[in-house]
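J.: Pasting a structure below so you can have a look.
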Amino acid sequence: MVEETEKSSTAAVEEAEKNSSSMANPKEEETAAGNSDVATAPSKEIAPPPPARHPLEHAWTFWFDNPSAKSKQAAWGSSIRPIYTFSTVEDFWRWSMNTVNLMSMCGFPEVHREILLAMIGEQFDYGDEICGAVVNVRARQEKIALWTKNAANEAAQLSIGRQWKEFLDYSDSIGFIFHDDAKRLDRNAKNRYTV
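Counting from 1, position 92 in the sequence shown corresponds to residue 92 in full-length UniProt numbering; the numbering is continuous, with no gaps.
Printed below as a string of structure tokens:
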């Protein structure tokens, strides 16, 4: 889509240049002929080309998970709903700018936004290992979790954890819990890796 936009804007500019060079200036013709009674057509202004789009390496989707619906649902995922999918920088900021007040009212702190920007901006060395993130805003504490493809890839998990702390300027330790452990042991699940 970006290529098509760029091609069509380039073609429009080239056509405009061709038309302007092959078309004589009506005012010059009028002066040269000495005839001031000749009506001239208004000059055609060319619309500027559409702004360039900046594609992201991956498309991302925001989801809403209704925790109160979980007790009524049999399968995980049946309570989640897609909110917005974007694949360009412009579409991300369009969503972000339209939801700033909503995020503030929901207690969405700056730290969550920083993680989001690092993810979609492909700032992690092992960014291809990251599948998504979950933000749980709770009364006592907030929880942020990054989902990764392969929990057993210790080098990737530790690298992601170190960079995460660096992006947030966070000095406390953070832990990595395998999803299977979290499902099976719930709150009793122990960290497999700690950074």
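Every residue gets a Cβ at the ideal spot worked out from N, C-alpha and C, and that includes glycine.
Comparing C-alpha positions only, which one of Arg-94, His-112, Lys-183 sits nearest to Gly-132?
T.: The residue from Arg-94, His-112, Lys-183 with its alpha-carbon nearest to that of Gly-132 is His-112.
J.: Would the region 57 to 64 count as touching the region 79 to 96 if we require 3 or more Cβ pairs under 8 angstroms?
T.: Contact between the region 57 to 64 and the region 79 to 96 is present, because at least three Cβ pairs lie under 8 angstroms.
J.: Of all the alpha helix (DSSP H) runs that stay within the bounds of the region 95 to 159, which reach a length of 4 or more residues?
T.: With a minimum length of 4 residues, the continuous alpha helix (DSSP H) runs that stay inside the region 95 to 159 are 100 to 105, 110 to 120.
J.: Under 8 angstroms, do Val-134 and Trp-147 count as touching if we go by C-beta distance?
T.: yes
J.: Pair every Cβ in the region 118 to 130 with every Cβ in the region 172 to 180, then say whether three or more of these pairs are closer than 8 angstroms.
T.: no
J.: With which residues is residue 199 paired in a DSSP beta bridge?
T.: Given a span of 1 to 195 for the chain in the structure shown, any question on residue 199 remains unanswerable.
J.: Suppose you measure from the CA of Arg-184 to the CA of Lys-190; what does that come to, to the nearest Å?
T.: 11 angstroms
J.: Do you know how far the Cα of Ile-46 is from the Cα of Lys-27?
T.: For Lys-27, the predicted structure reports a pLDDT of 44, less than 50, and the residue's modelled location is therefore unreliable. The matter cannot be settled from this model.
J.: What does Pro-55 pair with, by DSSP beta-bridge criteria?
T.: For Pro-55, which the question treats as bridged, DSSP gives the partners Thr-88.
J.: When the Cα atoms are used, what is the spatial distance from Lys-44 to Pro-51?
T.: 21 angstroms
J.: Can you look up Gly-175 in the DSSP assignment and give me helix, strand or coil?
T.: Correct three-state label for Gly-175: strand.
J.: So Gln-157 and Tyr-193 are in contact, right, with Cβ under 8 angstroms, and what is the actual spacing, rounded?
T.: 5 angstroms
J.: Rounded to the nearest angstrom, how far is the Cβ of Glu-122 from that of Glu-57, given a contact under 8 angstroms?
T.: So it is a contact: roughly 5 angstroms between Cβ atoms.
J.: Keeping to the same chain, check which residues put their C-beta closer than 7 angstroms to that of Lys-149; ignore five residues upstream and five downstream.
T.: Glu-129, Cys-131
J.: Could you tell me which residues DSSP puts in a beta bridge with Tyr-193?
T.: Phe-176
J.: Measure the C-alpha to C-alpha separation of Ala-145 and Leu-116 and round it to an integer number of angstroms.
T.: 11 angstroms
J.: Using 8 angstroms for Cβ pairs, my map puts Arg-53 next to Glu-90. What's the rounded Cβ distance?
T.: 6 angstroms
J.: Just how far apart, CA to CA, sit Ser-159 and Asn-153?
T.: 10 angstroms
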